[in-house]
Amino acid sequence: MGTPAASTRPDPGGTTHGRPLVQGPAGWVTFAAILLAIGGALNVIYGIAAIADSSFFIADQRYIVSDLNTWGWVAIVVGVCQGFAAYSLLGGGLYGRIVAIVAATLSAIASLLSIPAYPLWSLAIFALDIIIIHQVATRGAEQREDRAV
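Numbers 5 to 153, taken from the numbering used here, label the letters of the sequence shown in order.
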């Protein structure tokens, strides 16, 4: 009476049906991918609002690098990178982890550069980006057994 092979899933009765398992990202990596997707969507929305000179933003805020329109384009680029990173991270593999870490790092830098205009929001986004980087770097290689095919 041996144990079932690692590539098969036992049914509730304790026997195996020999079905291969699909590997997916671990829970924390999935959480990081969802955070990246949400952050990317918000960055794209905020970028479009900044480019369109929306009244959502205060007009006389000071930015480290340039004006509101420039930060709008930066937010759109970072948002698209985050969206691509989330998709790539959910696909698994080393490439997805690297893209996710790079996108979260770009977002963290952009949020620190916007501290003069929005200090609390920028620090909150920075903290979330650090969580994303940490979870992907430390738990990115873990895989979980999702479902039988």
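Built from N, CA and C at the ideal position, the CB exists for glycine as well.
> Taking Ile113 as the reference, which of Ile105, Ala121, Phe130 and Pro120 has the closest Cα?
Replying inline: As a position in the sequence shown, residue 113 is number 109, starting the count at 1. Closest by alpha carbon: Phe130.
>> Spatial neighbours of Gly44 within its chain, please: C-beta separation below 6 Å, excluding the five flanking residues on both sides.
In response: Working through the sequence shown from its first residue, we reach residue 44 at position 40. Around Gly44: Gly83, Gln86 and Gly87.
> Where Tyr122 and Ile49 are concerned, what is the direct C-alpha to C-alpha distance, given to the nearest angstrom?
Replying inline: Within the sequence shown, the letter at position 118 stands for residue 122. Within the sequence shown, the letter at position 45 stands for residue 49. Straight-line measurement puts the Cα of Ile49 at about 16 Å from the Cα of Tyr122.
> Should Ile105 and Ile137 be called a contact, given that it needs their Cβ atoms to be closer than 7 Å?
Replying inline: For the purposes of this step, residue 105 is taken as residue 101 along the sequence shown, with counting starting at 1. For the purposes of this step, residue 137 is taken as residue 133 along the sequence shown, with counting starting at 1. Cβ atoms of Ile105 and Ile137: closer than 7 Å.
> For the alpha helix (DSSP H) that contains Ser115, what are its first and last residues?
Replying inline: Translated into the one-based positions of the sequence shown, residue 115 becomes position 111. For Ser115, the uninterrupted alpha helix (DSSP H) segment begins and ends at Gly97 to Leu117.
>> Which residue wins for smallest C-alpha separation from Gly51, given the options Val78, Gly31, Leu39 and Ala36?
In response: Residue mapping note: residue 51 aligns to position 47 of the sequence shown, counting from 1. Checked all of Val78, Gly31, Leu39 and Ala36; the closest Cα to Gly51 is Val78.
> Do you know offhand how far Val140's Cα is from Gly95's?
Replying inline: Indexing the sequence shown from 1 puts residue 140 at position 136. Indexing the sequence shown from 1 puts residue 95 at position 91. Note on geometry: alpha-carbon atoms of Val140 and Gly95 lie some 13 Å from one another.
> Under three-state DSSP, which class holds Asp71?
Replying inline: Within the sequence shown, residue 71 is the residue found at index 67, counting from 1. In this structure, Asp71 counts as coil in the three-state DSSP scheme.
>> Let me confirm a value: Leu98 is counted as buried when at least 16 other C-beta atoms fall within 10 Å, else exposed. Which label applies?
In response: Taking the sequence shown and counting its residues from 1, one reaches residue 98 at position 94. Classification for Leu98: exposed.
> For Tyr122, which of helix, strand or coil comes out of DSSP?
Replying inline: On the sequence shown, position 118 is the one that residue 122 refers to. In the structure shown, Tyr122 sits in coil (DSSP, three-state: anything other than H, G, I, E or B).
> Quick one: what does DSSP say Ala30 is sitting in, helix, strand or coil?
Replying inline: Here the question's residue 30 lines up with position 26 in the sequence shown. Correct three-state label for Ala30: coil.
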